[in-house]
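Below is one structure, written out as C-alpha cells, with a few remarks after it.
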Amino acid sequence: MAAPLIAAALVLIFAGWADSWDAIRREAGQIRSVRARFVQKKHLPILAKPFVSEGRFSFQAPASVRWEYTKPVRSVLLIHKGSAKRYIYGDKGWVPEAGERLQGMQMVMDEISAWTQGRFDADPRFTARLEGGRPARVVLVPKDPSLMTLIARIEISLSPEKLGAIRSVKIVEGKDAWTMLEFTRTEHNLPLVERIFTQPGEAAP
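Encoded structure:
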C-alpha cells in the first residue's frame, strides 16, 4: 500500500506547479543552477530521418551557460559575464570559432536562460500563452510576420515530475521542419565551478 500512497502524494505535490504564470515564476525563481543532458533531433523534408545530436547543458544564474555537443561532432558554447565563445574540437584540440553564427547561438542561449528561470514572456518579439495538461506547455508565437517566416512557434513542455524543470523544447520552423530538444537527468541548485563556463575542456559531469 505504501508505494501507491507515495505516488498519489507526489502527483498532488507536483500537479499544481505549472498551473499559472505566478506558480511557474515562483518555482523557477528558486533555481540558481541547472545541469542536464539533452538529445536534439532536427527534422527537415530533405532528411530521410532526423539528424540527432547529444550533449550537456549547464546554467548558473544570472546568465552563465555551457551548451556542449558531445555527439556526433564535439563543440561547446560558453557564455559568462556577457562574453560568448564557441569552440569546435578537432585534430588540434579545441579551436575557437567566431562570426554571425556565434551571435545567433548567443541569442538562443539567452532565451533558454530566461526560460530556465520561468521568464517565458521576457522576449517582446513573442506572445506567450500557457496551456494546461500533463505536461503543461508554454507556446511562444512571433508577433512580427517577418519572424514567422523563420520560426512559426516554440512549444516548451514543463516537467510534471520535477518542480521548475523543462522537459522539452520544440522549435517549429515550418510544416515539415522542426527541432526537438529533450532534457534528461536534470539537476537543480548544484554548486557549479566557474571554469565550467570559461574553459572548453572542462566537461561537466
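Quick note: to get the working numbering, add 431 to the position in the sequence shown (first position is 1).
Ideal placement from N, C-alpha and C gives every residue a C-beta, glycine not left out.
This structure is a prediction, so every number in the text was calculated from the model and none was measured.
Should residue i go down as buried or exposed, given a rule of 16 or more other Cβ atoms within 10 Å for buried?
{"i": "Ile-627", "result": "buried"}
{"i": "Ser-588", "result": "buried"}
{"i": "Glu-458", "result": "buried"}
{"i": "Ser-544", "result": "buried"}
{"i": "Ile-597", "result": "buried"}
{"i": "Phe-490", "result": "buried"}
{"i": "Thr-547", "result": "buried"}
With H, G and I counted as helix, E and B as strand and the rest as coil, what does DSSP make of residue i?
{"i": "Val-470", "result": "strand"}
{"i": "Phe-628", "result": "helix"}
{"i": "Thr-580", "result": "coil"}
{"i": "Ile-477", "result": "coil"}
{"i": "Ile-585", "result": "strand"}
{"i": "Ile-404", "result": "Outside the shown range of the chain (432 to 636) lies residue 404, about which nothing can therefore be said."}
{"i": "Arg-517", "result": "strand"}
{"i": "Ser-544", "result": "helix"}
{"i": "Arg-565", "result": "coil"}
{"i": "Val-496", "result": "strand"}
{"i": "Arg-505", "result": "coil"}
Leaving out five residues before and five after residue i in sequence, what residues of the same chain have Cβ atoms less than 7 Å from its Cβ?
{"i": "Gly-447", "result": "Interpretation of Gly-447 is limited by its pLDDT of 44, a score under 50 that renders its predicted location unreliable; the figure taken from the coordinates is listed afterwards. Counting only Cβ-Cβ distances below 7 Å, and skipping sequence neighbours, we find Ala-454."}
{"i": "Ile-602", "result": "Ile-582, Ile-585, Trp-609 and Thr-610"}
{"i": "Gly-632", "result": "Trp-525"}
{"i": "Leu-612", "result": "Phe-469, Gln-471, Ser-599 and Val-600"}
{"i": "Arg-616", "result": "Ala-467 and Arg-468"}
{"i": "Met-579", "result": "Pro-573"}
{"i": "Glu-542", "result": "Asp-554"}
Residues in its own chain within less than 6 Å of residue i by CB, not counting five upstream and five downstream?
{"i": "Ile-462", "result": "Gly-595 and His-619"}
{"i": "Gly-513", "result": "none"}
{"i": "Gly-486", "result": "Phe-469, Glu-499, Tyr-500 and Thr-501"}
{"i": "His-474", "result": "Pro-481 and Trp-609"}
{"i": "Val-507", "result": "Glu-499, Tyr-518 and Pro-631"}
{"i": "Ala-429", "result": "In the structure as shown, the chain begins at 432 and stops at 636. Residue 429 is therefore absent and cannot be evaluated."}
{"i": "Ala-494", "result": "Ser-544"}
Roughly how far, in whole angstroms, is the beta-carbon of residue i from the beta-carbon of residue j, given that I think they are within contact range, below 8 Å?
{"i": "Val-569", "j": "Phe-557", "result": "Contact doesn't hold; Cβ gap of about 10 Å is too wide."}
{"i": "Lys-516", "j": "Pro-527", "result": "6 Å"}
{"i": "Gly-549", "j": "Gly-605", "result": "The pair is not a contact, with the Cβ atoms about 29 Å apart (cut-off 8 Å)."}
Is the beta carbon of residue j closer than 8 Å to that of residue i?
{"i": "Met-538", "j": "Ile-510", "result": "no"}
{"i": "Ala-553", "j": "Leu-561", "result": "no"}
Tell me which same chain residues have a C-beta within less than 8 Å of the C-beta of residue i, skipping the five on either side of it?
{"i": "Thr-629", "result": "Leu-509 and His-511"}
Can you find a C-beta in chain C that's less than 8 Å from the C-beta of residue i?
{"i": "Glu-618", "result": "The chain labelled as chain C is not found in the depicted structure, where only one protein chain is given."}
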